[in-house]
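Enquirer: So that we are looking at the same thing, I have put the structure below in structure tokens.
Residue numbers (this note's numbering): 1049 to 1259.
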């Protein structure tokens, strides 16, 4: 059986297949790269019309990463999917606390989800950083609360939780916020690989050499 074996050739062919689905969306070059990475990670061209990027999302993400910012995630799957070696080359790290005993205890005591407790625990460390949420709508709601009530200001929120309970509403709330640039997807689609793909896309826009 004949098939493409080289990773870069596979990726390039994938991008060629995706390109026609983006041609009528009037996207800038960098936006095309982010959209393409999302669709590639999902294996689903139906993402094309439902991706939502704040006008400053990519530029804010680029500047934050180049300045060595850290990334805070809701679940280990997002942390795992981010190219940590590439991020480290800019000076940043990825943090996820959802499985730590302290966070589990805090969530139980306060009657909240672990992802909420984890985000709350990061506090002011989120200022100037990137938040990447791919699983828990409650984590996204908590970050938005921190933004609106506590004055926390991440450089960028990548909020793409997946599912049927709270996901669509939390992402709609993110898109309505007037404080922080964002990347999100309408409706129930999303997930950890999608959130990680956005971060990786922004890093590759800065420097396309894999680390």
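Even glycine gets a Cβ: it sits at the ideal position worked out from N, Cα and C.
DSSP has residue 1206 in a bridge; who is on the other side?
Expert: On the chain shown, residue 1206 is found 158 positions in, with the first residue counted as 1. Bridge partners of residue 1206: 1180, 1231.
Enquirer: Tell me the rounded alpha-carbon separation between residue 1225 and residue 1115.
Expert: As a working mapping, residue 1225 is identified with position 177 in the chain shown. As a working mapping, residue 1115 is identified with position 67 in the chain shown. Looking at the two C-alpha atoms, the distance is approximately 24 Å.
Enquirer: Alpha carbons only, please: which of 1247, 1202, 1118, 1143 is nearest the one belonging to residue 1228?
Expert: Here residue 1228 refers to the residue found at position 180 when the chain shown is read from its first residue. Comparing Cα-Cα distances from residue 1228 to each of 1247, 1202, 1118, 1143, the minimum goes to 1202.
Enquirer: Could you give the first and the last residue of the continuous alpha helix (DSSP H) run that contains residue 1135?
Expert: Counting from one through the chain shown, the residue named residue 1135 turns up at place 87. First-last of the alpha helix (DSSP H) with residue 1135: 1132 to 1138.
Enquirer: Report the rounded CA-to-CA distance for residue 1136 versus residue 1142, giving the unit in angstroms.
Expert: Here the question's residue 1136 lines up with position 88 in the chain shown. Here the question's residue 1142 lines up with position 94 in the chain shown. Spanning the two alpha carbons is a distance of roughly 9 Å.
Enquirer: Skipping 5 residues on each side, what residues in its chain have a beta carbon closer than 6 Å to that of residue 1127?
Expert: Your numbering for residue 1127 matches position 79 in the chain shown. Excluding sequence neighbours, residue 1127 sits near 1121, 1142, 1144.
Enquirer: Mind checking which residues open and close the alpha helix (DSSP H) that includes residue 1099?
Expert: For the purposes of this step, residue 1099 is identified with residue 51 of the chain shown, where counting begins at 1. Unbroken run through residue 1099 is the beta strand (DSSP E), 1099 to 1101; no alpha helix (DSSP H).
Enquirer: I'd like to check one pair, residue 1246 with residue 1231: are the Cβ atoms closer than 7 Å?
Expert: What you label residue 1231 is simply residue 183 of the chain shown in a count that begins at 1. What you label residue 1246 is simply residue 198 of the chain shown in a count that begins at 1. Yes. Within cutoff.
Enquirer: Where does residue 1093 sit, in a helix, a strand or coil, going by DSSP?
Expert: For the purposes of this step, residue 1093 is identified with residue 45 of the chain shown, where counting begins at 1. Note: residue 1093 maps to helix in three-state DSSP.
Enquirer: Tell me which residue opens and which closes the beta strand (DSSP E) that residue 1121 is part of.
Expert: To locate residue 1121, count along the chain shown from 1; it is residue 73. Segment 1119 to 1121, the beta strand (DSSP E) holding residue 1121.
Enquirer: First and last residue of the alpha helix (DSSP H) that includes residue 1192?
Expert: Within the chain shown, the letter at position 144 stands for residue 1192. Start and end: 1185 to 1198.
Enquirer: If you compare alpha carbons, which of 1252, 1208, 1254 is closest to residue 1090?
Expert: Here residue 1090 is taken as the residue at index 42 of the chain shown, counted from 1. Among 1252, 1208, 1254, the Cα nearest to that of residue 1090 is on 1208.
Enquirer: Take the Cβ of residue 1060 as the centre, count every other Cβ of all protein chains shown within 10 Å, and call the residue buried at 16 or more, exposed below.
Expert: Sequence index remark: in the chain shown, residue 1060 carries index 12 (1-based). It counts as exposed.
Enquirer: With a CB to CB cut of under 6 Å and the five nearest residues on each side skipped, what residues in its chain are close to residue 1165?
Expert: The residue given as residue 1165 occupies position 117 in the chain shown. Cβ neighbours of residue 1165 beyond the five flanking positions: 1151, 1154, 1155.
Enquirer: Expressed to the nearest angstrom, what Euclidean distance is found between the alpha-carbon atoms of residue 1068 and residue 1081?
Expert: Counting from 1 along the chain shown, the entry for residue 1068 is found at position 20. Counting from 1 along the chain shown, the entry for residue 1081 is found at position 33. Their Cα atoms are separated by approximately 13 Å.
Enquirer: Taking C-alpha atoms, which residue in 1147, 1099, 1065, 1170 lies nearest to residue 1216?
Expert: Here the question's residue 1216 lines up with position 168 in the chain shown. Closest option to residue 1216, Cα to Cα, is 1099.
Enquirer: Apart from the five residues just before and just after residue 1235, which ones in its own chain have a Cβ nearer than 7 Å to its Cβ?
Expert: Here residue 1235 corresponds to residue number 187 of the chain shown, with the count starting at 1. These residues qualify, in order along the chain: 1098, 1216.
Enquirer: Buried or exposed for residue 1058, please, with buried defined as at least 16 other CB atoms from any protein chain shown within 10 angstroms of its CB.
Expert: For the purposes of this step, residue 1058 is taken as the residue at position 10 of the chain shown. By the 10 Å Cβ count, residue 1058 comes out exposed.
Enquirer: Strictly by DSSP, which residues pair up with residue 1143?
Expert: Residue mapping note: residue 1143 aligns to position 95 of the chain shown, counting from 1. DSSP, once it has assigned bridges, lists 1120 as partnering residue 1143.
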